[in-house]
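One structure is given below, encoded as structure tokens.
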């Protein structure tokens with residue numbers, strides 16, 4: 001009966017920043033921290049130094065290790081060359097902003113202090129280098145791989161969408177803890193609105209729709225499963241510097257939050273959070289948007305949305321669901337089960353009889 005739950009155009013990818021000289025990159029990899037360049041020019045003041053913190057200390061004091069000093073000098077020489085090129089392009093006044101960002105990233109991405117700050121969450125996301133390093137860590141250090149493994153393994157795609165190639169980091173916090181995609185949670189822990197954190201990596205502000213759905217609601221009439229929309233919030237402005245987690249209570253929702261309530265007698269439910277980029281502001285009416293039999297595919301196509309981020313968690317029925325039906329949904333709780341098997345031999349005469 002299940003539409004394989006245990007069984008668009010691809011999003012436009014942001015151009016990746018070309019790596020600096022391979023020798024410079026290798027040298028930078030040997031260094032974790034370095035003092036910022038202390039010169040007057042704003043370009044030559046490390047992004048980290050513009051938000052100075054006493055927590056940073058060079059791992060090796062100058063003069064203690066000649067090889068380390070030479071490595072720092074080599075990195076600074078490469079950085080100065082790129083910053084000089086950046087200044088020349090800015091002076092001309094007609095350079096492509098993406099080219100300027102690319103050069104700034106190349107200039108600072110091998111700086112040990114900049115890397116240290118990015119790694120420890122002290123980066124300033126108004127600066128291209130910190131956006132680049134954060135996105136690279138998300139893509140390369142395992143978080144994105146785990147997400148896509150769970151999304152594929154548990155058939156979130158193609159059950160909801162044909163495919164998704166995330167470019168935004170969506171994280172969920174349940175009962176005070178950030179959960180991995182596909183983790184089991186308890187219905188009592190999601191009775192209140194979800195705690196959703198979103199990190200996008202573009203500097204400019206764009207509009208997004210946040211959608212929470214359950215694709216595993218029994219459809220008894222059609223003997224299959226349908227999708228229920230638990231939350232729909234359009235027109236969320238997001239940029240790399242947006243605060244997180246999202247303050248959902250301050251946003252205007254088309255469909256207000258309904259807590260997850262996996263039905264008694266059903267397998268686990270995959271409660272899925274989708275971040276969809278809008279081409280323009282949306283005007284959605286609650287009266288014309290049904291929660292029941294909600295088609296994510298049709299919604300995305302109709303409003304020309306691009307799936308940019310995803311996460312999900314799983315739940316099974318427990319006694320707290322009964323309380324949600326009674327106290328929140330205010331309707332009788334259904335109970336499902338497999339239909340009894342037909343007895344193929346009922347009513348047949350016995351094959352043998354005693355004489």
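Residue numbers (full-length UniProt numbering): 1 to 355.
Every residue, glycine too, gets a C-beta built ideally from N, C-alpha and C.
None of these values were measured; they are calculated from a predicted model.
If you run the structure through DSSP and keep just helix, strand and coil, what is residue i?
i: residue 331; result: coil
i: residue 244; result: coil
i: residue 197; result: strand
i: residue 297; result: helix
i: residue 282; result: coil
i: residue 277; result: strand
i: residue 206; result: strand
i: residue 354; result: coil
i: residue 251; result: coil
i: residue 52; result: Caution applies to residue 52, whose pLDDT of 47 falls short of 50 and renders its modelled position unreliable; the model cannot decide the point.
i: residue 38; result: In this prediction, residue 38 scores a pLDDT of 31, lower than 50, which makes its location untrustworthy; no coordinate-derived value is stated.
So is residue i buried or exposed if we call it buried at 16+ other beta carbons inside 10 Å?
i: residue 146; result: exposed
i: residue 41; result: Because the pLDDT at residue 41 is just 36, under 50, the model does not fix this residue reliably, and the value given afterwards should be weighed accordingly. Exposed, because fewer than 16 other Cβ atoms sit within 10 Å of the Cβ of residue 41.
i: residue 301; result: exposed
i: residue 182; result: buried
i: residue 52; result: With a pLDDT of 47 at residue 52, under the threshold of 50, the modelled position of that residue is not reliable, and the figure given next carries that caveat. Counting Cβ neighbours within 10 Å, residue 52 comes out exposed, since fewer than 16 surround it.
i: residue 150; result: buried
i: residue 249; result: exposed
i: residue 312; result: buried
i: residue 67; result: exposed
i: residue 211; result: buried
i: residue 118; result: buried
i: residue 329; result: exposed
i: residue 222; result: exposed
i: residue 120; result: exposed
i: residue 308; result: buried
i: residue 70; result: exposed
i: residue 109; result: buried
i: residue 356; result: Here the chain comprises residues numbered 1 to 355, so residue 356 is not present and cannot be evaluated.
i: residue 159; result: buried
i: residue 152; result: exposed
i: residue 344; result: exposed
i: residue 128; result: buried
i: residue 30; result: At residue 30, the pLDDT of 49 sits below 50, so the modelled position is not reliable; the number obtained from the coordinates is stated separately. Flag for residue 30 reads exposed.
Looking at the secondary structure, which residues open and close the alpha helix (DSSP H) in which residue i lies?
i: residue 70; result: 66-92
i: residue 134; result: 128-140
i: residue 320; result: 319-324
My guess is that residue i and residue j are in contact by the Cβ rule of under 8 Å, so how many angstroms apart are they, rounded?
i: residue 196; j: residue 170; result: 7 Å
i: residue 321; j: residue 261; result: 5 Å
i: residue 293; j: residue 227; result: 7 Å
i: residue 269; j: residue 314; result: 7 Å
i: residue 89; j: residue 100; result: 6 Å
i: residue 336; j: residue 218; result: 5 Å
i: residue 238; j: residue 174; result: Going by Cβ atoms, the distance from residue 238 to residue 174 rounds to 22 Å, so no, they are not a contact pair.
i: residue 161; j: residue 291; result: Not a contact, Cβ separation roughly 18 Å.
Going by DSSP, what residue range makes up the beta strand (DSSP E) through residue i?
i: residue 225; result: 224-238
i: residue 164; result: Here residue 164 belongs to no beta strand (DSSP E), and DSSP marks it neither H nor E.
i: residue 307; result: 306-315
i: residue 177; result: 177-179
i: residue 111; result: Segment: none, residue 111 is in no beta strand (DSSP E) and carries neither H nor E.
i: residue 169; result: 169-174
Provide the residue(s) that pair with residue i in DSSP beta bridges, ordered along the chain.
i: residue 150; result: Bridge partners of residue 150: none, in fact.
i: residue 213; result: 229, 272
i: residue 218; result: 225
i: residue 184; result: 314
Can residue i be considered in contact with the ligand HEM, in the sense that its beta carbon sits closer than 8 Å to one or more heavy atoms?
i: residue 326; result: Judged by which ligands are present, the structure shown has none, so any question about the ligand HEM falls away.
Is there a Cβ from chain C that is less than 9 Å from the Cβ of residue i?
i: residue 245; result: Protein chains in the displayed structure number just one, and chain C is not present.
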